[in-house]
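Residue numbers (this note's numbering), protein chains in the order written: chain A, 451 to 553; chain B, 7 to 526; chain C, 82 to 262; chain D, 1453 to 2108.
Quick reminder that beta carbons are idealized off the backbone N, C-alpha and C, glycines included.
Please read these numbers as outputs of a predicted model, since none were measured by experiment.
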Amino acid sequence: MNLPIEAYLVVSTLLFFIGVFGFIARKNLIGILMSVELILNAVNINFVVFNRFLYPNELEGMIYSLFVIVVAAAESAVAIAIIINVYRKLKNISVESIESLRN
Amino acid sequence: MSNLLFLSLFVAVPLVMMVILFLLPSDNKKAIRYTMAGGAAVILALAGYLTVDFLGEYNPENPDQFLFTDSAEWYSGALNIHYSVGVDGVSVAMILLSAIVVITGVFASWSIEEKTKEYFLWFLMLSIGVFGFFISIDLFTMFLFYEVALIPMYLLIGLWGSGNKEYAAMKLTLMLMGGSAFLMLGIFGIYHYSAPQGQDLTFNIIEIAKNHSMDIEEQRLFFPLTFVGFGVLGAMFPFHTWSPDGHASAPTAVSMLHAGVLMKLGGYGCFRVAMTLMPDACKEQAWIFIVLTGISVVYGAFSACVQNDLKYINAYSSVSHCGLVLFALLMMNQEAMTGAVLQMLSHGLMTALFFALIGMIYGQTHTRDIRELGGLMQVMPYLCVCYVIAGLASLGLPGLSGFVAEMKIFVGSFKHADTFHRFFVIAGCTSIVITAVYILRVVGKILFGPLYKVDKIQDTYFYVSEHNGEVHHNKLRDAVWFEKVATIGLIVSIAAIGLCPGWISNMIAGSLKFVNELFK
Amino acid sequence: MDFDFIDYLTGQNIMFVVLSAIVLGCGLMSVLSTKILRAATYLFFTLFGIAGLYLLMNYEFLAAVQLSVYAGAVVVLLIFAIFLVKNLGHETEKVSCSKKGIAALASVLGIVMTLVIVFNEGIVPAVVGPTAPQVDMQLIGDTLLGSGKHQYLLIFEASSVLLLACIIGAIVVATKSKEEK
Amino acid sequence: MDTVKLLAPIVLALPFLMFFVLGLLGNKMKPNVAGILGTCGLSIVAIVSYFIAISYFWGFGRVGEEYSQEILFNLDWLKMSETLPGLTIKIGFLLDPISAMMLVVISTVSLMVHIYSMGYMHGEEGFQRYYAVLSLFTFAMMGLVIATNIFQMYIFWELVGVSSFLLISFYFIKPSAVAAAKKAFIVTRFADMFFLIGILILSYYTETFQFLDLTAVSGDHATLVHDRMCGEEFFGFLPAISTAMFLIFLGGAGKSAMFPFHIWLPDAMEGPTPASALIHAATMVVAGVFLVARMFPVYFFEAADVLTLIGYIGAFTSLFAAVIACVQTDIKRVLAFSTISQIAYMFVALGVSGYTSEHEACLGYTSSMWHLFTHAMFKACLFMGAGCIIHAVHSNEMSAMGNLAKKHMTITHITFLVSCLAIAGIPPFSGFFSKDEILVAAANKDTVLYVCQAFVAGLTAFYMFRLYFRIFWWNENESYKHHAPHEAPKNMTVPLIVLSIFTCFMWIEKFFPFFPDKITADRKTLDLEFDSVIAGASVLVALVGIGLAYWLYKEKNDKPDAIASKVKCLYISASHRFYIDEIYLFVTRNIIFGGICKAIAWFDRHVIDGFMDMLGWTARESASGIRDVQSGNLQKYALGYILGVIIIAFFVFCSL
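Set out below in structure tokens:
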């Protein structure tokens, strides 16, 4: 017997919300970025799983995951550049310190 | 000259003056002042001409309530907004009042040194709003000018005021804006039901009144909105609290214009828009507002009795007097309403005089606290005699304008024979006693009696005040020429109405003939 | 239906459970660890586990991309960033309990919600189990570079432009400006 | 008649003009010029008034059996209603016996005061202002008595009130004068409010202000009032006529200082003495009596209950004031209370009067008006005499006087004595006749009132002679404050002489009647008869009073103090004027000011304004609360986003 599709979805759900937890709870910008990666990966799993289980003869899910990975890579590169820049300016990379756009 | 152009002159002249003022260098204060005086004189002359012309044109048999009506399309098409002008006896009286108060206001602000040009620019803007409001008979245009008149208040008080001026300016503007929010709803409501099903909607007051197509259910909703909206500006209890703070902080001429003219916009609007366009709901709901305004009358008078700031006393007295205006309007008959308009006129002149005098006294003593002043009659007899005259006008002495108005109101109000009306009319009558109390309290305390905190050094009087341990000597003097011009102008107007009230009373009453029919 | 545990004890399933455990365990550790460097390391394992899951579903190409891009590039980038930021590797992050609590609450709520939906939806898979024929590399190439129906040349090109923009942007942002020097 | 019509406007116009001229240009003139100008103006007014009165009484006024009511002019001033022509305020001149008589009274006293003030006020600061206000007062008082409609009367009623205010506060630097002026104005204005409400009620039903309509009588009721108001109720339970007439009387009571509105009059003595003589003794204070007399037909036929009440209020006030007058030590205060008491006499007379002149039924009315006339003359004389005395000793207090009979103040002394005798009711002086008639009228109608008034007559004789003896005889101190008292200048003594001539020779009128018999309620001539019993009794009472005063005060002794200490309680409360002022003070200061006004002011600032401020505060606080949501904090956004998604998902899937 094979595991049902729900098993895979449970894993992706848990991973997604682990990422969400990290995103909300982390103080460190790099930590938040990592949480975002987790979320994106959870989504990727979903894409792939649905592709595999529901439309085994199509490629849409996989291709989308591929693009997500590409975009995620680009995004993390830019994000890290920004983080480094912020650090240079503020000597700190906790989210609470970035407030100059407030008020 | 077409009617449109003629009446528009009241708006155009201040506008032209604004342009001229704008072009003048701001350090040439003398030129600015004389320009203002000249322009205001032109407006006064126009108002006088309008009055004479109106009296000439007016014919008791003429079924048209408005004269000199004309209209120009503004937003064409579905909205049907016009710039429509026209005057009846009531608005002529109001325009005359405004013109007098504006010119005396200019003289009362002669001594403003700080940002003179900007001050007068805003002052002109205020008068544009006021005149525009009184000449227009299109609800949209009316509302537009209404807002134009309100906004400069904020800056005039906030910039040139005294004391807790930011707070006062904010409070005044917010409360009046709150009122105009109600008002806007009301106006849109009126507009929405302004014509029978299938016809073009209109903002024109005359047409709306003629169509009379609003059902009682809708009137019930929109009448209180409109009435309260204007009532806020008319200082109706319990929406009057902007008045004491606002007046106390405003510069002299602004207080004059505000209490003298702007508050009349409220009463005028209540009458012109709320009551005549929605007479059925008015009859039905009048009792609520009679209670409120009846409270205003007595409440304001009692409050004024224990205030210590001269301007607060006058602000509360305005609440009382303006309450009487709305109260009389709600009596819904020709006599009382004529009285109401006369009361607007009289109160406008008298309060303007009061605020002018308080400003002149304050300008020298730098205090308005009546506990800190005394015996000024010996120091500045001219101003003090004027103050006594203003006080006597306020407490309704025959021969001055207040009496005429009050008597017309009381006689008119007494036409309602039921206990409810009787009770409130008699309560209103008590206000004439209470008015005497607070007026004489001030007169006795600051004008009469021995000198208090005043030193005489070599024929010159000085007001001695202590501030933070330092002793200040402020030189005291009697009125100078521009102050005399301002006060004499107002006193003459007050006495003119008081001594021969017939012509103006007939002029107003003639235009109010229709109310007996309308509210039957 | 009678639930028979033995029926599920296939290599495929065992592998899935192991990989899931790695993914979830390491993911959780990654968000919970107070030291950022450790978090990055856990993240690496998570991504690795996910690549395993892809393999399990016979998407070798995707697994390879996952490994090379994520595990190879992104995590390395992160670690570089951590080192570039002074002392960050040694700092412990203190997060207030209430913040954690709120985050946990939101997450748990979300999990419950999602799972309820997942199990109530009654998804009927077209195939039973993840095993399916491998995807032909040529097919992937055609799909990515073709311009017909279900083909993604345009997006491919767009993402390449995106990457270019990112490279330039990252350089611009990260370069010290002249005044700072 | 035509000449009179031509001259009539002068009576109003000239004083008004004088007021303007002196008020606006007075400061540019020398004081003497202003005084002479004012006096000349008033002389003309007086001549015109006399001319009008004489040609009315012996000329055109008499039409058949009765005197006509002539309207000399009547200008529309303000229309109160477009549809009812009766409700028009007119400024006019109604000439009938009482207004003709009042013209004489006012112009005589006013002229005397003008002349007297030239001496008395000499050198005062504000001399021109004083004359201006005197002119204003004369104008207002003239307007009041010649009013053709009740609203005109109200207008001038207010104007006399304000000129009274201005004269009392003439010495505006003195706080006591200012306080007295305020008190006088506010108390009378309070009463005027009732007057106004009364007018409103009356005019609402009758739809007219005009006296000729209101007082028109046919048969035995006042036609218009009877037709329109009979059976009407005010507020659902008060009979409309009586309410209106009572309220109108209250207005008169305020001006005429009847209990309980009497408190302002004694304080009003803070003003210059000649002004007190004019306003607070002779003319303005009798306005209330004049008002009731003017409306008399309505009172008599339609509100007889109110008329009776007026009689009793008058009797009480006269007794009350007379008792207080017995213990006052300020001579002007004594005169003030005496004025209250004498005016109350006039009200009593009106209260007991009938309407027709047959069988002397309207004797009360006639005697009231006559007493008004004689009282104006001798009380003005007394006040001016008191003014001379004050001028001489520089004090108002009895203790500063005494023994002045020997100090060469002969004219003052004699005129004062004459007036005292007159007010005490000793023949042949004028007061005897008028007071006697009042007593006769009272005796005919109501024994209680008669006894009361006869007792008051005795009291009057007592306190007036107490005053007289204390001033001129009581030889307490010889050392006066400043200098030896001397006789006043001529321009002060001449008015005294003129007025005492009026007082002395009124008896001639017994034989050549000119006034009183013509002043009747129904305007027919009345045949006055002399009731020797009542006259004898009242003379006896007066002599007893004088004798008592002589015994107690003819020279310095301890008897007064001894008596005072025996009835200490009464004495103290009487000298505190029975604490009425204190009660008023308590009510106004503690209840109205301290209670109502303060409470309302507090309520306004804290509750109403507080509510408005709270609206502002709420808006601001909620705004800053919402602002925190838009914090720029990424994590909060994410949290909100997630929660939002959860909630939406919940609703979406629950509904499926």
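Under 8 Å from the C-beta of residue i: neighbouring residues of chain C
{"i": "Ile-2098 (chain D)", "result": "Ala-187, Leu-190, Gly-191, Met-194"}
{"i": "Val-521 (chain A)", "result": "Ser-240, Leu-243"}
Where residue i meets chain D, residues with beta-carbon distance less than 7 Å
{"i": "Ile-474 (chain A)", "result": "Gln-2087, Ala-2090, Leu-2091"}
{"i": "Ile-183 (chain C)", "result": "Leu-2091"}
{"i": "Val-312 (chain B)", "result": "Phe-2045, Cys-2049, Lys-2050, Ala-2053"}
Selection from the options that minimises the alpha carbon distance to residue i
{"i": "Ile-163 (chain B)", "options": "B:Ala-174, B:Ala-433, B:Val-154", "result": "B:Ala-174"}
{"i": "Val-1456 (chain D)", "options": "D:Val-1750, D:Pro-1947, D:Ala-1552, D:Phe-1624", "result": "D:Ala-1552"}
{"i": "Leu-478 (chain B)", "options": "B:Trp-487, B:Leu-382, B:Tyr-467, B:Asp-484", "result": "Before going on, a small fix: residue 478 (chain B) reads as His here, not Leu. Comparing Cα positions, the closest option is B:Tyr-467."}
{"i": "Leu-359 (chain B)", "options": "B:Ser-90, B:Val-385, B:Tyr-152, B:Thr-110", "result": "B:Thr-110"}
{"i": "Gly-1575 (chain D)", "options": "D:Met-1593, D:Tyr-1508, D:Pro-1483, D:Cys-1840", "result": "D:Pro-1483"}
{"i": "Phe-1545 (chain D)", "options": "D:Ser-1708, D:Ile-1625, D:Asn-1601", "result": "D:Asn-1601"}
{"i": "Phe-243 (chain B)", "options": "B:Met-181, B:Leu-30, B:Gln-225", "result": "B:Met-181"}
Within-8 Å CB hit, residue i to chain A
{"i": "Val-199 (chain C)", "result": "yes"}
{"i": "Val-99 (chain C)", "result": "no"}
{"i": "Leu-235 (chain C)", "result": "no"}
{"i": "Ile-117 (chain C)", "result": "yes"}
{"i": "Phe-2105 (chain D)", "result": "no"}
Chain C contact for residue i (CB, 8 Å cutoff)
{"i": "Ile-2078 (chain D)", "result": "no"}
{"i": "Leu-453 (chain A)", "result": "yes"}
{"i": "Leu-464 (chain A)", "result": "yes"}
{"i": "Phe-2102 (chain D)", "result": "yes"}
{"i": "Ile-2060 (chain D)", "result": "no"}
{"i": "Leu-2095 (chain D)", "result": "yes"}
Buried or exposed (CB count within 10 angstroms, at least 16 for buried), residue i
{"i": "Ala-246 (chain C)", "result": "exposed"}
{"i": "Thr-2070 (chain D)", "result": "exposed"}
{"i": "His-1843 (chain D)", "result": "buried"}
{"i": "Ile-1638 (chain D)", "result": "buried"}
{"i": "Met-1944 (chain D)", "result": "buried"}
{"i": "Cys-1682 (chain D)", "result": "exposed"}
Where residue i meets chain B, residues with beta-carbon distance less than 7 Å
{"i": "Asp-1665 (chain D)", "result": "In chain order: nothing, as chain B lies at least about 16 Å away."}
Contact with chain D by residue i, beta-carbon distance below 8 Å
{"i": "Val-470 (chain A)", "result": "yes"}
{"i": "Gly-169 (chain B)", "result": "no"}
{"i": "Cys-392 (chain B)", "result": "no"}
{"i": "Val-545 (chain A)", "result": "yes"}
{"i": "Glu-79 (chain B)", "result": "no"}
Chain-ordered chain B contacts of residue i [CB-CB under 8 Å]
{"i": "Phe-1642 (chain D)", "result": "Val-439"}
Cutoff 8 Å: residue i Cβ touching any chain B Cβ
{"i": "Pro-1879 (chain D)", "result": "no"}
{"i": "Gly-1688 (chain D)", "result": "yes"}
{"i": "Ile-1638 (chain D)", "result": "yes"}
{"i": "Ile-1543 (chain D)", "result": "no"}
{"i": "Ser-1655 (chain D)", "result": "yes"}
{"i": "Met-2064 (chain D)", "result": "yes"}
Interface residues of chain B facing residue i [CB-CB closer than 9 Å]
{"i": "Thr-1719 (chain D)", "result": "Before going on, a small fix: residue 1719 (chain D) reads as Asp here, not Thr. Within chain B, no residue comes near Asp-1719 (chain D); the closest Cβ sits about 13 Å away, beyond 9 Å."}
Chain-ordered neighbours of residue i on chain A, where CB pairs are closer than 9 Å
{"i": "Ala-27 (chain C)", "result": "Past the edges of chain C, shown from 82 to 262, lies residue 27 (chain C), and the structure says nothing about it."}
Please go through the region 1630 to 1694 of chain D and give each complete alpha helix (DSSP H) segment of 4 or more residues, from N-terminal end onward.
1663 to 1666, 1675 to 1681
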